[in-house]
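Everything below concerns the one structure shown next.
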Amino acid sequence: MEEATTRDSARTFTVAAVGDLHYSDESRGSLSELVRTVNREADVLALLGDLTTHGRVRQVEQLVEDLAPVEVPIVCVLGNHDHEAGEAKEITRTLCDAGVHVLDGDSVVIEGVGFAGTKGFAGGFGRGALAPFGEDLIKEFVQHALDEALKLENALRALNTPVRVALLHYAPTAETLVGEPEIIYPFLGSSRLLQPIETMEADVVFHGHAHHGTRHAVTAAGLPVYNVALPLLREDDEWVHLWTIPLPDRRGGEDDGSGETEAVGPEGSVIDEELHR
Ligand SMILES: [Fe+2]
Ligand SMILES: [Fe+2]
């Protein structure tokens, strides 16, 4: 995947984003149209978690096999389903071995565009967000959301690229959940994830997890948020959401124009790919 070169058309950069592939035995061979679209239209494929149905290594191995024809770099975050079987570390290793950039509080620069990602967590939104009060279990639940927010903040801080893309599985805002039953909003995301994205001035955020939400919203601060859960995209007969921007100047990015990518550690240092998980 590191050798993959990005297309050089009209100085634009296109992210193909999709979440919730939920791969299983029945999914084999189902991504041929997705792969064709990505290879034809995009410079990078971003996968927004729930890559597998039950978090089994076998399922991600099948996914990796079906994504092998993808000719552009792939970045991803894991989702809650990818943790179901307690095999998240092995899933991450399988993806990394296939050249996929798995972002878990990490960053990567591709063609001068910075990507920062983490899974995120639940807890609700605004004044309705779960507060760290009472039982230890409640405090631990809230703390996990805060930890995920801090991981994303550090990952974004490590990027000094002109364009920064934030990747999450859980939603950072309720606006892209509209369409889901309101009673389950607190399980679909947390507004605690939004603050670091806006503080670090990311340009866009993609998430999944809300299969029946709303595809696009803009926060009060003007941040575009895209829900790219596959079931939602399929309602519009699409396999990926394509997001195109003018290709940024090379200033600030570590990219040398060769099409290769670099992983960036929390302090902005380049880290070994083996540690990038
Ligand atoms: Fe999902
Ligand atoms: Fe999910």
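Quick note on the numbering used here: the sequence shown kicks off at 34 and runs consecutively.
Using N, Cα and C, we set each Cβ at its ideal position, and we do this for glycine too.
Only a predicted model underlies this, so the values are computations on that prediction, with no experimental measurement involved.
Where are the alpha helix (DSSP H) runs, 4 residues long or more, that stay fully inside the region 37-98, in chain order?
65-74
So, is V251 buried or exposed, given that buried needs 16 or more other C-beta atoms within 10 angstroms?
exposed
Does H240 come out as helix, strand or coil in the three-state DSSP assignment?
strand
Pick from D115, L128, P219, A118 that is closest to G159, judged by C-alpha positions
P219
Buried or exposed: G145, going by 16 or more other Cβ atoms within 10 Å of its Cβ?
By the 10 Å Cβ count, G145 comes out buried.
Applying the criterion that 16 or more other CB atoms from any shown protein chain within 10 Å of the CB defines a buried residue, is G52 buried or exposed?
Around the CB of G52, 16 or more other CB atoms lie within 10 Å, so the residue is classed as buried.
Range covered by the beta strand (DSSP E) that runs through F148:
146-150
Is V137 close to ligand 2? I mean its beta-carbon at under 6 Å from any heavy atom of the ligand.
Note on residue identity: the sequence assigns Asp, not Val, to residue 137. Result no, Cβ not under 6 Å from ligand 2.
Note down, in chain order, each residue of its chain lying with its Cβ closer than 7 Å to the Cβ of L78, except the 5 sequence neighbours on either side.
Cβ within range, chain order: A49, V71, V103, V105, I107.
What did DSSP end up calling P195 once you bin it into helix, strand or coil?
coil
The region 170-187 contacting the region 137-154, beta-carbon criterion three pairs below 8 Å
yes
Hey, S223 and G156: beta-carbon distance below 7 Å or not?
yes
Which residues count as close to ligand 2 when the rule is a CB under 7 Å from any of its heavy atoms, in chain order?
Working through the chain, the matches are D53, G82, D83, G112, N113, H114, H202, G241, H242.
Thinking just about the alpha-carbon of each residue, which of R197, G212, H249, E94 is nearest to the one in E231?
Here the closest residue by C-alpha is R197.
Out of curiosity, what's the CA-to-CA distance linking T151 and Q228?
14 Å
With C-beta atoms as the reference, is A280 less than 7 Å away from F46?
A small correction: the amino acid at residue 280 is Leu; Ala does not occupy that position in the sequence shown. With contacts defined by Cβ atoms closer than 7 Å, L280 and F46 form a contacting pair.
Give the C-beta separation of L163 and F174 to the nearest angstrom, bearing in mind that I take them to be a contact with Cβ-Cβ under 8 Å.
7 Å
Among E234, D180, V142, G112, whose alpha-carbon lies nearest the alpha-carbon of A262?
G112
Check for me: the alpha helix (DSSP H) holding L218 runs from which residue to which?
One detail in the question is off: residue 218 reads as Tyr in this sequence, not Leu. Counting along the chain, the alpha helix (DSSP H) containing Y218 begins and ends at 218-221.
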